[in-house]
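Engineer:
Chains as they are written, first to last, in my numbering: chain H, 1 to 320; chain G, 1001 to 1320.
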């Protein structure tokens, strides 16, 4: 760690925790803090926690902080620095988070939707260094995304672009939390996926997954599915294959629409590894337009742990 | 018609005919020529026809021609002015059409994909004058589209963006010509639509449509469906409603992904009018994300007759 190297503060605002990091221009976290969000105690408490974390990081004078980047859920206006109605933050409304932080610390501050921040993080610090354009899909509790075209994030009319989770692959399909049907999130989002597995598990009593899940009476998680698949469990593998195929079908529509053929897959479920990526690739290649078939590339995200902090910090280094 | 007003030549390159027009800055066609494409006689013949048409228009010296715009099918590189493998042009390969025309006439020439040209036409001469961002969907033999964001066409990596026809609404759905399944083109494209109607017609012997179609032994066309619907035929109306709903579902995915909430509907099938537009609107509003619901707008295209010529000519007035 070189002291006095140019750094940014990255803040990953979540419903339970706020994660803070000092990150250098290579995307390395040099210092990290995690605080409770206190979202249930209202906006003032959350903002207080954010300020507290920044103060703590700034108290270490060994870093040349170039700016602060915040990745937030909900609708974010990059220009105004506002965060609107983030889910899991009751009574939040619309907060000028950018201005509040900038005013408090006199440091330039960028606020961005967390999914866009993850894509910019991948652009600045990850696989995107070698790519001009890609679509980032993040498979977690929800399914999010970000679109990078010619090294720039595509934000749409109000900064809400990239809602890949709510591409429907079947208008008569599974009911999604958003009110629509067949959204890819309703197949690939963690909770949906786990429920589908649970429902099918009784028909597959020979599955190691059944053993792992039932014996330990632990909650069924993507990690357990992954472990079973690694041990050669056919049912677990079929789950990952089906997931990859559905994601690939959704990405084929995305790719046809956007004319972007490289997909970066991140998020917890991406730990399903090669089986997942190969199935996304095969399904996508099968379904995209002819001119696109030769170009399809599926890559794993490079930012894994603390991708949220890194993505947020990258906003400072990204040329807006 | 004011002589000496600034004009552009717009060329709509189709598989059967090439249409040429002199168009003023308001999008009015002042002079028009239609020639055979002679696509079956090879590239040289097609290029000859294009040159012939331009020569004929230029022989009238009353217009101040600012440039030539060409809307072509297939993959078009705006930068290079190339047209690659347009369907219905056997043995075409890759032709530097822009350079050829520019060299021949010494007039600046823009070549663009015909779907993008239609969207730019709507931006410059039509509804887009009052809009910053919209998605144009053209319902014809195929289903095409173009994406305008902040008054600019969104072209993607290779200028192929906007393939709205190949957004799948059901991964297990109708087989599409492109090789995929459930593409909206496989529901809304003219031939698919007509086939679906024919297949259902025997179950609806009371339909006026049946009468119009069977008695006249004319080919069943969108126009006949439209006429029957106007006469209150329930089956015809249900066809248009179903079409609108499917298009609306596809556009909900598009809108979620792109964060663009205004849709302009053009092409022959858009003659289905208010019933079609209302059903697209209802379906889309039902399925988009909450933050988008209040913003959804469906508008009919303003450029109807000769939208191809007008769109191509608009390339000259559009700031690239």
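All C-beta atoms in this analysis are idealised placements derived from N, C-alpha and C, irrespective of residue type, glycine included.
List the residues of chain G whose Cβ lies closer than 7 Å to the Cβ of residue 249 of chain H, in chain order.
Structural biologist: Going along chain G in sequence order, the residues near residue 249 of chain H (Cβ under 7 Å) are 1168, 1171.
Engineer: Could you check the C-alpha separation between residue 1126 of chain G and residue 94 of chain H for me, to the nearest Å?
Structural biologist: Taking the straight line joining both Cα atoms gives about 36 Å.
Engineer: Can you find a C-beta in chain H that's less than 9 Å from the C-beta of residue 1156 of chain G?
Structural biologist: Answer yes: the Cβ-Cβ gap between residue 1156 of chain G and chain H drops below 9 Å somewhere.
Engineer: Looking at the unbroken beta strand (DSSP E) that takes in residue 1077 of chain G, where does it start and where does it end?
Structural biologist: 1075–1077 is the extent of the beta strand (DSSP E) around residue 1077 of chain G.
Engineer: Counting contacts by CB-CB distance shorter than 9 Å, is residue 117 of chain H in contact with chain G?
Structural biologist: Closer than 9 Å: no.
Engineer: Quick test of the definition: if touching needs 3 or more C-beta pairs under 8 Å, does the region 1234–1252 of chain G touch the region 1185–1201 of chain G?
Structural biologist: Yes, since at least three Cβ pairs between the region 1234–1252 of chain G and the region 1185–1201 of chain G fall closer than 8 Å, the two stretches touch.
Engineer: I want to verify the contact list: residues of chain H whose CB lies under 7 Å from the CB of residue 1258 of chain G, in sequence order.
Structural biologist: By Cβ distance, chain H contributes 156, 161.
Engineer: Going by CA-CA distance only, name the one from H:135, H:39, H:5, H:270 that's closest to residue 188 of chain H.
Structural biologist: Of H:135, H:39, H:5, H:270, the residue nearest in Cα terms is H:270.
Engineer: Answer yes or no: does any C-beta atom of chain G fall closer than 9 Å to that of residue 181 of chain H?
Structural biologist: At least one chain G Cβ lies under 9 Å of residue 181 of chain H.
Engineer: At which residue ranges does the region 51–120 of chain H contain complete beta strand (DSSP E) runs of 3 or more residues, listed in the order of the chain?
Structural biologist: The region 51–120 of chain H contains these whole beta strand (DSSP E) runs: 64–72, 75–77, 82–84, 109–113.
Engineer: Express the C-alpha separation of residue 312 of chain H and residue 81 of chain H in angstroms, rounding to a whole number.
Structural biologist: Cα-Cα distance, rounded: 13 Å.
Engineer: Answer yes or no: does any C-beta atom of chain H fall closer than 9 Å to that of residue 1193 of chain G?
Structural biologist: It does not: the Cβ of residue 1193 of chain G has no partner Cβ on chain H nearer than 9 Å.
Engineer: Could you tell me the distance, in whole angstroms, from the CA atom of residue 1141 of chain G to the CA atom of residue 1019 of chain G?
Structural biologist: So the two alpha carbons sit approximately 18 Å from each other.
Engineer: Closer than 8 Å, Cβ to any Cβ of chain H: which residues of the region 1231–1255 of chain G, in chain order?
Structural biologist: For the region 1231–1255 of chain G, which is checked against every Cβ of chain H, the residues closer than 8 Å are 1246, 1249, 1252, 1253, 1254.
Engineer: Quick one: is residue 246 of chain H buried, meaning 16 or more other Cβ sit within 10 Å of its Cβ, or exposed?
Structural biologist: Buried, by the Cβ-count rule.
Engineer: Thinking C-alpha only, which one of H:182, H:209, H:219, H:218 is nearest residue 227 of chain H?
Structural biologist: For the residues H:182, H:209, H:219, H:218, the minimum Cα distance to residue 227 of chain H belongs to H:209.
Engineer: Closest to residue 63 of chain H by C-alpha separation, out of H:48, H:54, H:6, would be which residue?
Structural biologist: Out of H:48, H:54, H:6, H:6 has the C-alpha closest to the C-alpha of residue 63 of chain H.
Engineer: Between the Cα of residue 266 of chain H and those of H:89, H:211, H:146, spot the shortest distance and give me the residue it belongs to.
Structural biologist: The candidate whose alpha carbon is nearest that of residue 266 of chain H is H:146.
Engineer: Is DSSP giving residue 168 of chain H helix, strand or coil here?
Structural biologist: Strand at residue 168 of chain H.
Engineer: Less than 9 Å separating the beta-carbons of residue 197 of chain H and residue 225 of chain H?
Structural biologist: A contact, by the Cβ cut-off of 9 Å.
Engineer: Just to make sure I have the definition right: I need the residues of chain G whose C-beta is within less than 9 Å of the C-beta of residue 196 of chain H. Which are they?
Structural biologist: Here the premise fails: no neighbours, minimum Cβ distance about 16 Å.
Engineer: What does residue 1078 of chain G reach in chain H if we use C-beta pairs closer than 9 Å?
Structural biologist: Those within 9 Å of residue 1078 of chain G in chain H number zero; the least Cβ separation is about 13 Å.
Engineer: At 7 Å on the CB atoms, spell out the chain H contacts of residue 1131 of chain G, in chain order.
Structural biologist: Near residue 1131 of chain G there are no residues of chain H at all, since even the closest Cβ is about 10 Å away, more than 7 Å.
Engineer: For residue 1185 of chain G and residue 1179 of chain G, I'd like the C-alpha separation in whole angstroms.
Structural biologist: Spanning the two alpha carbons is a distance of roughly 12 Å.
Engineer: Quick check on residue 1278 of chain G: does DSSP put it in helix, strand or coil?
Structural biologist: In this structure, residue 1278 of chain G counts as helix in the three-state DSSP scheme.
Engineer: Is the distance from the Cβ of residue 287 of chain H to the Cβ of residue 1171 of chain G below 9 Å?
Structural biologist: For residue 287 of chain H and residue 1171 of chain G, yes; Cβs fall inside 9 Å.
Engineer: Could you tell me which uninterrupted alpha helix (DSSP H) segments, each at least 4 residues in length, are contained entirely in the region 223–267 of chain H, listed from first to last along the chain?
Structural biologist: Qualifying alpha helix (DSSP H) stretches, in chain order: 234–258.
Engineer: Quick one: is residue 178 of chain H near chain G, going by C-beta distance under 9 Å?
Structural biologist: Chain G, which has a Cβ nearer than 9 Å to the Cβ of residue 178 of chain H, makes this yes.
Engineer: Go ahead and pull the three-state DSSP assignment for residue 1131 of chain G.
Structural biologist: In this structure, residue 1131 of chain G counts as coil in the three-state DSSP scheme.
Engineer: For a cutoff of 9 Å on Cβ pairs, would you count residue 288 of chain H as touching chain G?
Structural biologist: For residue 288 of chain H, the answer is yes, since a Cβ of chain G falls inside 9 Å of its Cβ.
Engineer: Listed from N- to C-terminal order along the chain, which residues in the region 1063–1090 of chain G have their beta-carbon within a distance smaller than 7 Å of any beta-carbon of chain H?
Structural biologist: Correct list: 1075.
Engineer: List, in order along the chain, the chain H residues whose C-beta lies closer than 7 Å to that of residue 1164 of chain G?
Structural biologist: Those within 7 Å of residue 1164 of chain G in chain H are 257.
Engineer: Considering only the alpha carbon of each residue, which of H:261, H:301, H:274 lies closest to residue 284 of chain H?
Structural biologist: Here the closest residue by C-alpha is H:261.
Engineer: Rounded to whole angstroms, what is the Cα-Cα separation between residue 1079 of chain G and residue 103 of chain H?
Structural biologist: Computed Cα separation, rounded: 45 Å.
Engineer: Determine, using beta carbons only, whether residue 1149 of chain G comes closer than 9 Å to chain H.
Structural biologist: Yes, residue 1149 of chain G counts as interfacial toward chain H.
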